[in-house]
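Numbering (this note's numbering), first residue to last: 31 to 343.
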């Protein structure tokens with residue numbers, strides 16, 4: 031999906047022109063993948079716009095950096111303010127926001143500790159992520175998710191997404207919208223950039239963090255909504271074959287939002303349409319983020335951007 035440029039990017043406390051946001055080819059991150067990042071969405075509401083779960087995203091960025099011994103020079107609160115600043119400076123909503131912290135230009139070699147840390151925040155328009163207006167056709171990938179005690183799945187690190195790229199490319203060249211990875215023990219893990227939910231006999235199942243999944247913020251939101259709606263939620267290790275006999279399945283994620291799965295490995299999920307539990311959660315999620323339902327969990331941080339229409343769902 032091509033990037034639509036905006037006017038400004040936040041860099042180490044200052045707004046700079048988009049085209050000036052450049053790094054040296056010898057920066058540590060280029061050679062060793064030493065970055066942590068976030069993906070955040072800003073949605074439109076009838077009276078303005080709001081950033082979805084901004085503080086939680088910035089806390090996860092700080093947590094990811096801490097895991098990799100990368101001391102951020104800004105607090106969660108300062109980074110949250112910076113996100114609002116760059117959105118308002120660019121005057122664009124709805125939008126996708128990409129904060130990233132990485133080891134910059136300083137030294138070569140695997141040891142990153144003496145390389146400086148740079149922080150950037152960009153925002154730009156971005157619509158639907160997982161292809162398929164009538165639901166996504168996905169496959170089980172031949173690539174496994176990272177094993178425990180190799181690279182930490184709870185850190186949203188750039189290097190982890192080399193694994194995600196293999197999953198996504200394999201799916202695309204084989205005619206699917208996305209791939210689902212298993213963990214190293216053969217249990218369901220997640221998509222290349224999405225958490226996974228299945229419905230069976232009215233119960234909502236999702237893979238736990240121990241199955242090499244990212245602690246998704248949209249995942250957490252959907253679990254919260256499901257429990258509030260009286261839907262039983264079970265987090266447990268799930269076998270691959272449950273994909274083929276479940277009644278409903280869907281992805282969650284900042285980019286994917288709530289995307290129902292039409293088929294897995296050419297086997298229809300239910301009758302292929304969005305099922306009742308997925309529909310209820312889809313309606314509740316988009317109702318809140320688009321300002322059509324009460325923001326009863328205070329998930330939205332207001333930004334002063336006037337726009338005409340909400341993002342398509």
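Idealized CB from N, CA, C, for every residue including glycine. The structure presented is a predicted model; accordingly, all values stated were derived computationally and were not measured.
Where residue 326 is concerned, there is no enclosing alpha helix (DSSP H), because DSSP gives it neither an H nor an E.
Here residue 72 is near residue 333, since their CB atoms are less than 8 Å apart.
Here residue 295 is near residue 169, since their CB atoms are less than 8 Å apart. Taken atom to atom, the span from the alpha-carbon of residue 131 to that of residue 301 is near 43 Å. Taking the Cα positions, residue 98 is about 11 Å away from residue 141. Look at residue 54 here: in three-state DSSP terms it is coil, with no helix or strand label. For residue 251, the enclosing alpha helix (DSSP H) stretches over residues 247-258.
Looking from the CA of residue 107, the closest CA among 122, 84, 93 belongs to 84. By the Cβ-count criterion, residue 143 is exposed, with fewer than 16 other Cβ atoms from all chains shown falling within 10 Å of its own Cβ. In the structure shown, residue 59 falls within a helical segment according to DSSP collapsed to helix, strand and coil. Rounded to whole angstroms, the Cβ separation of residue 78 and residue 335 is 7 Å, and the two are in contact under 8 Å. Taking 8 Å as the cut-off, the beta carbon of residue 201 is found no closer than this to the beta carbon of residue 194. DSSP places residue 44 within a strand segment (E or B) once states are collapsed to three. It is roughly 23 Å from the alpha-carbon of residue 284 to the alpha-carbon of residue 37. Assignment of residue 188 by DSSP, reduced to helix, strand and coil, places it in the helix class. If you draw a 10 Å sphere on the C-beta of residue 185, you find 16 or more other C-beta atoms in it, and that means buried. Around the beta carbon of residue 172, fewer than 16 other beta carbons lie within 10 angstroms, which makes this residue exposed. Across the structure, residue 225 and residue 250 are spaced so that their CA atoms are roughly 10 Å apart. DSSP, reduced to helix, strand and coil, places residue 241 within a helical segment of the structure shown. For residue 274, the three-state secondary structure derived from DSSP is helix.
At a Cβ-Cβ threshold of 8 Å, residue 213 and residue 222 do not count as neighbours. Leaving aside the five residues that flank residue 310 on each side, the residues in its chain whose CB is nearer than 8 Å to its CB run, in chain order, 259, 261.
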